[in-house]
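S.K.:
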Amino acid sequence: LKVIGCDGTNVNTGLKGGIIRLMELDLNRPLQWCICLLHTNELPLGHLLNSLDGATTSPTEFCGPIGKAIKTCEELPVAPFFQ
Numbered sequence: 045l046k047v048i049g050c051d052g053t054n055v056n057t058g059l060k061g062g063i064i065r066l067m068e069l070d071l072n073r074p075l076q077w078c079i080c081l082l083h084t085n086e087l088p089l090g091h092l093l094n095s096l097d098g099a100t101t102s103p104t105e106f107c108g109p110i111g112k113a114i115k116t117c118e119e120l121p122v123a124p125f126f127q
């Protein structure tokens with residue numbers, strides 16, 4: 045085992061008790077960490093959306109104008125500079 049991949053949650057990447065660190069200690073050698081950057085970007089973007097638009101009302105529903113506009117964004121015309 046040379047490389048281990050996972051998302052960046054503390055249970056996986058914690059310095060003292062994360063599963064990757066525990067595996068390194070068990071193997072008695074370091075591993076290459078491959079952490080998913082999509083998950084890394086998910087939390088800050090969620091916090092930004094909450095601060096701009098308010099909290100979500102369910103896993104699929106938003107209460108603010110930005111979240112409500114996202115539902116129908118695929119029906120909007122494409123801006124000319126993107127065509």
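Taking our numbering, the leading residue of the sequence shown gets 45, the next gets one more, and so forth.
All C-beta atoms in this analysis are idealised placements derived from N, C-alpha and C, irrespective of residue type, glycine included.
Touching or not, the stretch 47–59 and the stretch 77–91, by the rule of three or more beta carbon pairs under 8 Å?
M.R.: Short answer: they touch.
S.K.: Just verifying my parser: in three-state terms, what is the DSSP assignment at Thr57?
M.R.: It is helical.
S.K.: One question on the structure: do Cys107 and Ala113 come within less than 9 Å of each other, judged by their Cβ atoms?
M.R.: Against a cut-off of 9 Å, the Cβ pair of Ala113 and Cys107 comes out as no contact.
S.K.: Under three-state DSSP, which class holds Gly90?
M.R.: Helix.
S.K.: Mark Gly64 as exposed unless 16 or more other C-beta atoms lie within 10 angstroms of its C-beta, in which case mark it buried.
M.R.: First, the residue type needs correcting, since residue 64 is Ile and not Gly in the sequence shown. Buried: at least 16 other Cβ atoms inside 10 Å.
S.K.: Would you list the one or two residues that DSSP bridges to Thr104?
M.R.: Its beta-bridge partners do not exist; DSSP assigns none.
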